[in-house]
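The sequence shown runs contiguously to residue 133 in this note's numbering. Data block below; observations after.
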Amino acid sequence: MSSTEVANYAKKVLALDPKIRFAGKIVNGELVSTARKDGVIPLLDKDLAALAHHQVSVKAMMDKMFTDKLGNTDWIVESKGKVKLLTIFQKDGILILSTEPTSDHHAIIEKIKTL
Numbered sequence: 019m020s021s022t023e024v025a026n027y028a029k030k031v032l033a034l035d036p037k038i039r040f041a042g043k044i045v046n047g048e049l050v051s052t053a054r055k056d057g058v059i060p061l062l063d064k065d066l067a068a069l070a071h072h073q074v075s076v077k078a079m080m081d082k083m084f085t086d087k088l089g090n091t092d093w094i095v096e097s098k099g100k101v102k103l104l105t106i107f108q109k110d111g112i113l114i115l116s117t118e119p120t121s122d123h124h125a126i127i128e129k130i131k132t133l
């Protein structure tokens, strides 16, 4: 992906489903593209959000330890009271999403595969 495509990628993902609150792309541990749904108030302040993004990168790195025995991880979903957090492993990085807790994460993931 070119730098322009990376910059617009999160916006394209956000447009796929009305229950997506936030989309971000992490490449080499760095958050390179983000988009937030209009009118959505973040649940985390700036510092906690940065820590959450770092946590995703650390989890992804740790997950690689199991790849030889278990195979590649395609995606991870964390279901919390106020939000679902989706981590989608891609060839060029990690896509992170927060969605409404009632979202159909399977449908969202299938839509992302079409991009």
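The beta-carbon is built from N, C-alpha and C at its ideal position, and this holds for glycine as well.
Excluding five sequence neighbours on each side, which residues of the same chain lie with their C-beta closer than 6 Å to the C-beta of P36? As a first step, residue 36 must be located in the sequence shown, where it is residue number 18. Result list for P36: empty, nothing under 6 Å.
C-alpha gap between K64 and W93, whole angstroms: Against the sequence shown, residue 64 aligns to sequence position 46. Against the sequence shown, residue 93 aligns to sequence position 75. Pairing K64 with W93, the inter-Cα distance amounts to about 25 Å.
Confirm, please, whether the CB-CB distance from L115 to A41 is below 7 Å. On the sequence shown, residue 41 is found 23 positions in, with the first residue counted as 1. On the sequence shown, residue 115 is found 97 positions in, with the first residue counted as 1. It is a contact, given that the beta carbons lie within the stated cut-off.
Beta-carbon spacing of L103, H71 below 7 Å: Position 85 of the sequence shown, counted from the start, is the residue given in the question as residue 103. Position 53 of the sequence shown, counted from the start, is the residue given in the question as residue 71. Their beta carbons are not under 7 Å apart, which means L103 does not touch H71 by this criterion.
Quick one: any contact between the segment 51-66 and the segment 78-92, if contact means 3 or more CB pairs under 8 Å? no
Could you confirm whether any beta carbon from chain E is found closer than 7 Å to the beta carbon of N46? The structure shown contains no chain E; it is built from a single protein chain.
How would you write the range of the beta strand (DSSP E) that V13 sits in, first residue to last? This structure leaves residue 13 out entirely; the chain is present only between 19 and 133.
S54 - partner residues in DSSP beta bridges: As a position in the sequence shown, residue 54 is number 36, starting the count at 1. Per the sequence shown, the amino acid found at residue 54 is Arg instead of Ser. In the DSSP output, where bridge partners are listed per residue, R54 has F40.
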